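Have a look at the structure below before the remarks.
2 protein chains.
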Amino acid sequence: MVTLYDVAREAGVSTATVSRVVHGQDRVSDSTRLRVMHVIEQLGYVPDGAAQSLSRRRKEIIGFVCVESHGRQYDVEAMNLLYYDEVMRGVGAAVSDRGWSLLITYVDGEPERDFPRLRALSGKVDGIIIGQSVVPAPVLAQIADRVPVVVIGGAPAERAVDVVTADNRSGSAALVTHLIEVHGRRRLFCVDGPADVSDARERRTGVERVLRAHPGTSLVGSYQGKFSVQSGVSAGESLLERHGDALPDAVVAANDQMAIGAIQALNRAGVRTPQDVAVVGFDDIYPGGLNDPPLTTVHQPMRLLGERACIRLLDRIARPELHPRAEVLPTELVVRSSCGCSPDSAVRQPVKRTRRSRQPDGSATGPPQTAARRRSPGPADVRIPEIVS
Amino acid sequence: MVTLYDVAREAGVSTATVSRVVHGQDRVSDSTRLRVMHVIEQLGYVPDGAAQSLSRRRKEIIGFVCVESHGRQYDVEAMNLLYYDEVMRGVGAAVSDRGWSLLITYVDGEPERDFPRLRALSGKVDGIIIGQSVVPAPVLAQIADRVPVVVIGGAPAERAVDVVTADNRSGSAALVTHLIEVHGRRRLFCVDGPADVSDARERRTGVERVLRAHPGTSLVGSYQGKFSVQSGVSAGESLLERHGDALPDAVVAANDQMAIGAIQALNRAGVRTPQDVAVVGFDDIYPGGLNDPPLTTVHQPMRLLGERACIRLLDRIARPELHPRAEVLPTELVVRSSCGCSPDSAVRQPVKRTRRSRQPDGSATGPPQTAARRRSPGPADVRIPEIVS
DNA sequence: ACACACTATGTACGCGCTTACACCACCTGC
DNA sequence: GCAGGTGGTGTAAGCGCGTACATAGTGTGT
Numbered sequence: 003m004v005t006l007y008d009v010a011r012e013a014g015v016s017t018a019t020v021s022r023v024v025h026g027q028d029r030v031s032d033s034t035r036l037r038v039m040h041v042i043e044q045l046g047y048v049p050d051g052a053a054q055s056l057s058r059r060r061k062e063i064i065g066f067v068c069v070e071s072h073g074r075q076y077d078v079e080a081m082n083l084l085y086y087d088e089v090m091r092g093v094g095a096a097v098s099d100r101g102w103s104l105l106i107t108y109v110d111g112e113p114e115r116d117f118p119r120l121r122a123l124s125g126k127v128d129g130i131i132i133g134q135s136v137v138p139a140p141v142l143a144q145i146a147d148r149v150p151v152v153v154i155g156g157a158p159a160e161r162a163v164d165v166v167t168a169d170n171r172s173g174s175a176a177l178v179t180h181l182i183e184v185h186g187r188r189r190l191f192c193v194d195g196p197a198d199v200s201d202a203r204e205r206r207t208g209v210e211r212v213l214r215a216h217p218g219t220s221l222v223g224s225y226q227g228k229f230s231v232q233s234g235v236s237a238g239e240s241l242l243e244r245h246g247d248a249l250p251d252a253v254v255a256a257n258d259q260m261a262i263g264a265i266q267a268l269n270r271a272g273v274r275t276p277q278d279v280a281v282v283g284f285d286d287i288y289p290g291g292l293n294d295p296p297l298t299t300v301h302q303p304m305r306l307l308g309e310r311a312c313i314r315l316l317d318r319i320a321r322p323e324l325h326p327r328a329e330v331l332p333t334e335l336v337v338r339s340s341c342g343c344s345p346d347s348a349v350r351q352p353v354k355r356t357r358r359s360r361q362p363d364g365s366a367t368g369p370p371q372t373a374a375r376r377r378s379p380g381p382a383d384v385r386i387p388e389i390v391s
Numbered sequence: 003m004v005t006l007y008d009v010a011r012e013a014g015v016s017t018a019t020v021s022r023v024v025h026g027q028d029r030v031s032d033s034t035r036l037r038v039m040h041v042i043e044q045l046g047y048v049p050d051g052a053a054q055s056l057s058r059r060r061k062e063i064i065g066f067v068c069v070e071s072h073g074r075q076y077d078v079e080a081m082n083l084l085y086y087d088e089v090m091r092g093v094g095a096a097v098s099d100r101g102w103s104l105l106i107t108y109v110d111g112e113p114e115r116d117f118p119r120l121r122a123l124s125g126k127v128d129g130i131i132i133g134q135s136v137v138p139a140p141v142l143a144q145i146a147d148r149v150p151v152v153v154i155g156g157a158p159a160e161r162a163v164d165v166v167t168a169d170n171r172s173g174s175a176a177l178v179t180h181l182i183e184v185h186g187r188r189r190l191f192c193v194d195g196p197a198d199v200s201d202a203r204e205r206r207t208g209v210e211r212v213l214r215a216h217p218g219t220s221l222v223g224s225y226q227g228k229f230s231v232q233s234g235v236s237a238g239e240s241l242l243e244r245h246g247d248a249l250p251d252a253v254v255a256a257n258d259q260m261a262i263g264a265i266q267a268l269n270r271a272g273v274r275t276p277q278d279v280a281v282v283g284f285d286d287i288y289p290g291g292l293n294d295p296p297l298t299t300v301h302q303p304m305r306l307l308g309e310r311a312c313i314r315l316l317d318r319i320a321r322p323e324l325h326p327r328a329e330v331l332p333t334e335l336v337v338r339s340s341c342g343c344s345p346d347s348a349v350r351q352p353v354k355r356t357r358r359s360r361q362p363d364g365s366a367t368g369p370p371q372t373a374a375r376r377r378s379p380g381p382a383d384v385r386i387p388e389i390v391s
């Protein structure tokens, strides 16, 4: 292994000078610089990351905690992972823009294993990004006590850590408004997410609010799923069993996976989507557009979520005295066919904030600049046309 | 920040003893151990990763290089990433089983940016896993000169680095054999992958070998795509344009994305799959099963690929004197409907090695034990039934 | 009673790098 | 001619941890 000392000796300078050349900030005479650079090239010197971290007292690494459904359930749950993959890419992009690195840790929901893992992680990074409800709150608190933590998803004012989340409530409200006002749907069925996931609760709240504002509409029933395709299938079966005689005219699932599962179950029973029952999802994962029928859903800006979380985290690392904040990112309504719209009228429509949530620090965070700047061009900016259902 | 010294002072012992307690390997008296552990708990001590790495002369981190299509093309290419996400999860699982960590680096094909990034990466990890053709060979060679490197994918005997790959040739051969023998297809069209990706070349070779063995069959034409959905659409359009008067009866795409794209293009022109033209893919990415019609394809064991690559890498790190080897993992034929089979007869069938490839070290590597052990239960083990086309 | 083995613990150095500080040579202005 | 810069470079003290080696303490056999 080639070290700084080897380079220094070979170039006839001190280690300090080599270090200065490597980082190019301090003044070094041109002749010395050239000589040192030549030796570096020739010897193939690459600085040791561990030594740099130790010396700088900063590792320039951030940790990302990923959920991992192990073993048997893996295939069934596969799509659940799509969400985190997307977020991670956002984090990855933001991180490498700044020359930092990304350390991944997988947890599988087994506290015996997960806690030591996260604990060890906190000694290897300068900050951690984690999905909401990936680990229990007390564990999170212990970790957050050691290094800055940003939580992705969840209700804005939830915790004493930074939160970056999508505007779940407005998103599902927009979706239900579309079902009611454009397609005249009246009798809804909710496929909810797990009770301990506040994203899921927020989405349900959005539904209820719209229902309350529209006389003549009602919630026929609901089913609590687990965000998996399989639980969507179960939801569909439960729906058929309990309300087979008087089906609702729309199913609102708390995520795309469950919507896809529900469509499959209905389909098998001869109930057609969207003719008999409209079905909508949430998140806008990739396969949703490939589904038959293509899924109408709410786009959650997963990549941006990751980017913002990363930026927020780096900010906290640079200035630890800052108070935790929440940042709520806008969503988009993605109209495809499973709501009853014709395939031709596929559009994406930005969802406006229905109501500003209170922030932990009392301020109301608007959409960050990058939201608009980074949003992909094209369909997103198309105005919503007259939709013929 | 709480250090080893703080713990030692507080517990009234030396740092050596604390270190021994933390790692639990050397003998320490029970009373001392308990006292130290209590102090550790109380102070919330977590060892500093950088210091450990430096001191041990081993970072216990492995690097994974991920491709990242930036900007505009992002949405279109999205599915391309599914492959690496899956592989990465395999690597992640193997890595954390052993208590090591995973450091992710994204490259975007811009050598100016990529090379310094990889160079820096090599100073932060003990070894690197990278997809074939992610970076040019010379760059790879430079990196491999510094730390052990395992390449995922590619022809077995390709390089002076370790390779872990799926049996592309046998896989595509099995697919084409199925099309010919079960469905009586005779006139094929190939949608190839990029010329510099040897996975793609291998698949094409598999097709040709089967064609040669079956008199009366022929290759009507081919199109060179880029592995993206969009290029699959282009392939379909090109096919219609050039062979519209006498369509082939089957399209063999080098990956699922292009197969999906081709189906879309054919569909728009009123050509039905599989009635008019059968279309098959390769890889078995998740959305393929959701496609309309569900895609017949070859399952590439992406997760296992990641696991094996990781194990191989750790082996190389532990014993650097080992020679590079290639490991070829078996594939499975996944029969769904796009080949012409009925939806009910969906099966997965292990693909046997058609011919052993020569290995760099002269040995012929059979499927590793874990291949069979880890393969998910259920459909994979079902015998292939009589298929009615 | 003494040499020896064995266990429990402490001392101190090195891992490779950064950086505060010291130093030297040379220049400027009075 | 000399104080006071200023630019270029070297010296050396850590950063937090692991561990080889030294040491103290406690048996064991003769």
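Heads up: the sequence lines are chains A and B, in that order. As numbered in my numbering, the first sequence has no gaps in its residue numbers, which increase by one up to the final residue, 391. As numbered in my numbering, the second sequence has no gaps in its residue numbers, which increase by one up to the final residue, 391. Glycine included, each C-beta is placed from N, C-alpha and C at the ideal position. No experiment lies behind these values; they were computed from the predicted model shown.
Using 10 angstroms around the beta-carbon of B:ASP99, count the other beta-carbons present and answer buried if the total reaches 16, otherwise exposed.
-> Numbered from its first residue, the second sequence carries residue 99 of chain B at position 97. Classification of B:ASP99: exposed, given that the 10 Å Cβ count is below 16.
Shorter than 8 Å from the beta carbon of B:THR2 to some beta carbon of chain A?
-> This structure does not reach residue 2 of chain B, given that chain B is present from 3 up to 391, and the question cannot be answered.
State the beta-bridge partners of B:CYS192 as determined by DSSP.
-> Position 190 of the second sequence, counting from 1, holds the residue named residue 192 of chain B. Paired residue(s): B:SER224 and B:VAL254.
Between the C-alpha atoms of B:SER1 and B:ASP286, what's the straight-line distance to the nearest angstrom?
-> Nothing can be reported for residue 1 of chain B, as the shown portion of chain B is limited to 3 through 391.
Whose CA, out of A:LEU324, A:CYS341, A:ALA52 and A:TYR86, lies closest to the CA of A:PRO150?
-> Locating residue 150 of chain A in the first sequence gives position 148, where the first residue counts as 1. Minimum Cα distance to A:PRO150 is reached at A:LEU324.
Taking the alpha-carbon positions, what's the A:ARG327 to A:VAL163 distance?
-> For the purposes of this step, residue 327 of chain A is identified with residue 325 of the first sequence, where counting begins at 1. For the purposes of this step, residue 163 of chain A is identified with residue 161 of the first sequence, where counting begins at 1. Their backbone Cα atoms lie some 7 Å apart in a straight line.
Determine the direct distance from the alpha carbon of B:ALA311 to that of B:VAL178, and round the result to whole angstroms.
-> The residue you call residue 178 of chain B lines up with position 176 of the second sequence. The residue you call residue 311 of chain B lines up with position 309 of the second sequence. If I take the Cα positions, the gap works out to 28 Å.
Bridge partner(s) assigned by DSSP for B:CYS68 = Working through the second sequence from its first residue, we reach residue 68 of chain B at position 66. In DSSP, B:CYS68 forms a bridge with B:TYR108.
Three CB pairs or more closer than 8 Å across the segment 96-112 of chain B and the segment 86-104 of chain A | yes
Does the beta-carbon distance from A:ILE154 to A:VAL166 come in below 8 Å?
-> Position 152 of the first sequence, counted from the first residue, corresponds to residue 154 of chain A. Position 164 of the first sequence, counted from the first residue, corresponds to residue 166 of chain A. Yes, the pair counts as a contact, with Cβ atoms nearer than the cut-off.
So is the beta-carbon of B:TYR85 under 7 Å away from any non-hydrogen atom of the ligand MG?
-> With respect to the ligand MG, the structure offers nothing, as it holds no ligand at all.
Within chain A, partners of B:ASN293 - CB distance below 7 Å | Here residue 293 of chain B refers to the residue found at position 291 when the second sequence is read from its first residue. What B:ASN293 touches in chain A: LEU292.
Validate contact between the segment 129-143 of chain B and the segment 247-258 of chain B using beta carbons, cut 8 Å, 3 pairs | no
Contact set for B:GLY129: own chain, Cβ-Cβ below 6 Å, skip 5 residues either direction = For the purposes of this step, residue 129 of chain B is identified with residue 127 of the second sequence, where counting begins at 1. Closer than 6 Å at the Cβ level, and outside the excluded window around B:GLY129, lie ILE64, VAL149, PRO150, LEU315 and ILE319.
Spatially closest choice to A:TYR85 from A:VAL353, A:THR356 and A:GLN302, by CA coordinates | Translated into positions along the first sequence, residue 85 of chain A becomes position 83. The shortest C-alpha separation from A:TYR85 is found at A:GLN302.
Neighbourhood of B:SER124 by C-beta, 6 Å cutoff - its chain only, sequence neighbours within 5 removed | On the second sequence, residue 124 of chain B is found 122 positions in, with the first residue counted as 1. Within the same chain, B:SER124 has close Cβ partners ILE145, ARG148 and VAL149.
By the 10 Å Cβ neighbour count, where 16 or more other Cβ atoms means buried, how is A:SER224 classified, buried or exposed?
-> Residue mapping note: residue 224 of chain A aligns to position 222 of the first sequence, counting from 1. Buried: at least 16 other Cβ atoms inside 10 Å.
Rounded to the nearest angstrom, how far is the Cβ of A:VAL353 from that of A:ALA176, given a contact under 8 Å?
-> Looking up residue 353 of chain A in the first sequence gives position 351. Looking up residue 176 of chain A in the first sequence gives position 174. With a Cβ gap of about 5 Å, A:VAL353 and A:ALA176 count as contacting.
Name the DSSP bridge partner or partners of B:VAL336?
-> Taking the first residue of the second sequence as position 1, residue 336 of chain B is located at position 334. For B:VAL336, which the question treats as bridged, DSSP gives the partners B:THR299 and B:ARG350.
Any C-beta of chain A under 8 Å from that of B:ALA52 | As a working note, residue 52 of chain B is residue 50 in the second sequence. True, the Cβ-Cβ gap to chain A drops below 8 Å.
Which of helix, strand or coil does DSSP assign to A:ALA122?
-> On the first sequence, residue 122 of chain A is found 120 positions in, with the first residue counted as 1. Residue state, collapsed to three classes: helix.
contact_flag[the segment 273-286 of chain B, the segment 331-351 of chain B] where n(CB pairs < 8 Å) is 3 or more | yes
At a Cβ threshold of 8 Å, is B:LEU104 touching chain A?
-> In the second sequence, residue 104 of chain B corresponds to position 102, counting from 1. At least one chain A Cβ lies under 8 Å of B:LEU104.
Counting only beta-carbon atoms, is B:GLY263 nearer than 8 Å to chain A?
-> Locating residue 263 of chain B in the second sequence gives position 261, counting from the first residue. Chain A, which has no Cβ nearer than 8 Å to the Cβ of B:GLY263, makes this no.
The segment 231-250 of chain A touching the segment 268-283 of chain A, judged by at least three CB pairs closer than 8 Å = yes
Which bits of chain B does A:ARG121 rub up against, with CB to CB less than 7 Å?
-> Along the first sequence, one-based indexing puts residue 121 of chain A at 119. By Cβ distance, chain B contributes VAL48.
Listing by chain order, which chain B residues have their CB less than 8 Å from the CB of A:ASP147?
-> Taking the first sequence and counting its residues from 1, one reaches residue 147 of chain A at position 145. Per Cβ cutoff of 8 Å: GLY46.
C-alpha gap between B:VAL48 and A:SER236, whole angstroms | Within the second sequence, residue 48 of chain B is the residue found at index 46, counting from 1. Within the first sequence, residue 236 of chain A is the residue found at index 234, counting from 1. Rounded to whole angstroms, B:VAL48 to A:SER236 spans 44 Å at the Cα level.
Per-residue burial, B:TYR288 [other beta carbons within 10 Å of its own, 16 or more giving buried] | Start at 1 with the first residue of the second sequence, and residue 288 of chain B comes out as number 286. That one is buried.
A:ILE287 - DSSP class collapsed to helix/strand/coil = In the first sequence, counting from the first residue as 1, residue 287 of chain A sits at position 285. Of the three classes helix, strand and coil, the one that applies to A:ILE287 here is coil, per DSSP.
Under 7 Å between beta-carbons, which chain A residues line up against B:ASP285? List them in chain order, please.
-> As a position in the second sequence, residue 285 of chain B is number 283, starting the count at 1. Going along chain A, no residue has its Cβ under 7 Å from B:ASP285, so there is no contact; the nearest lies around 14 Å.
Do A:GLU12 and A:VAL41 have their CB atoms nearer than 8 Å?
-> Mapped onto the first sequence, residue 12 of chain A falls at position 10. Mapped onto the first sequence, residue 41 of chain A falls at position 39. Cβ distance < 8 Å, so A:GLU12 and A:VAL41 count as in contact.
Where B:ASP164 falls: helix, strand or coil (DSSP) = On the second sequence, position 162 is the one that residue 164 of chain B refers to. If DSSP states are grouped into helix, strand and coil, B:ASP164 belongs with the strands.
Anything in chain A within Cβ reach of B:LYS61, meaning under 8 Å, just list it in chain order.
-> The residue given as residue 61 of chain B occupies position 59 in the second sequence. Correct list: GLY51 and ALA52.
Expressed to the nearest angstrom, what Euclidean distance is found between the alpha-carbon atoms of B:VAL9 and B:THR299?
-> Position 7 of the second sequence, counted from the first residue, corresponds to residue 9 of chain B. Position 297 of the second sequence, counted from the first residue, corresponds to residue 299 of chain B. Whole-angstrom Cα-Cα distance: 58 Å.
Quick one: give me the first and last residue of the beta strand (DSSP E) that B:ALA328 is part of.
-> Locating residue 328 of chain B in the second sequence gives position 326, counting from the first residue. That run of the beta strand (DSSP E) goes 328-331.
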